[in-house]
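Per my numbering, numbering of the sequence shown is gapless, rising by one per residue and ending at 932. We put the CB at the ideal spot given by N, CA and C, even for glycine. Just so it is clear, the structure is predicted and the values come from calculations on it, not from any experiment.
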Amino acid sequence: TAPGTAAGDGTEPETEFEELVGLLQGTSVLGVVVRGFVEIVGNSPRLQSLTKLAMIELLGHFRGDLSRMEVLPTETRQLMQVLIQERNRAVIDDLKTALKSRPRPASISVVYGAGHLVDMERRLRRELRYCPAEALWLPAFSVNTSGLSTLEIGLVRAFVRAQLALMEPTETR
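Right under this line is the structure:
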């Protein structure tokens, strides 16, 4: 990586961050396209089901800390590190503060997605000396496939698998 660049491609990290912010706010060209796509999908129950199915297939493929997955581009891993590890650090800091308060809370709930699990559990064990008593998993979202054909479901799954295969390093393909 060249000095001052994120991936050696000449793109300044600040520019990448600004592009990400523009995407999330919907102000960049890509943000406008994504917002339009979301609007179209939001108006079609069939497209909602296909999109949810694709997301479930994609997210189901990844295990553990996404910021450490070598198949992802460096920039994506860095973003995942911020989204997962830094957000988890903030949660642990808030927990430490809550546990010091008087009167001490009778219970505290921490709700987070599966992508946070590995790092969050490590932090809870190491920093707070906790161990799990039970696990309760709730679906973040589900999909009703009754309006989709077997062919459509198979096509979405095959498409996601093909895209994931393209992300694998060439020596493993």
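Quiz prompt | Where I867 falls: helix, strand or coil (DSSP) | solution = coil
Quiz item: Is it true that the CB of S787 sits closer than 8 angstroms to the CB of E778?
Solution: yes
Self-check item: C-beta contact flag for K811 and F900 at 8 angstroms
Solution: yes
Quiz item: Alpha carbon to alpha carbon, how far is Q807 from G801?
Solution: Distance from the CA of Q807 to the CA of G801, rounded to the nearest whole angstrom, comes to 6 angstroms.
Practice problem: Could you spell out the range, first to last residue, of the alpha helix (DSSP H) harbouring D794? | Solution: In the sequence as displayed, the identity of residue 794 is Arg instead of Asp. V788 to G801 is the extent of the alpha helix (DSSP H) around R794.
Quiz prompt | Residues near D878 in its chain [Cβ-Cβ closer than 7 angstroms; skip 5 each side] | solution = D824, I843, Q844 and N847
Exercise. Measure the C-alpha to C-alpha separation of R888 and V850 and round it to an integer number of angstroms.
Key: 15 angstroms
Quiz item: Hey, how far is the Cα of S803 from the Cα of L809?
Solution: 10 angstroms
Quiz item: Do R794 and G906 have their C-beta atoms closer together than 8 angstroms?
Solution: no
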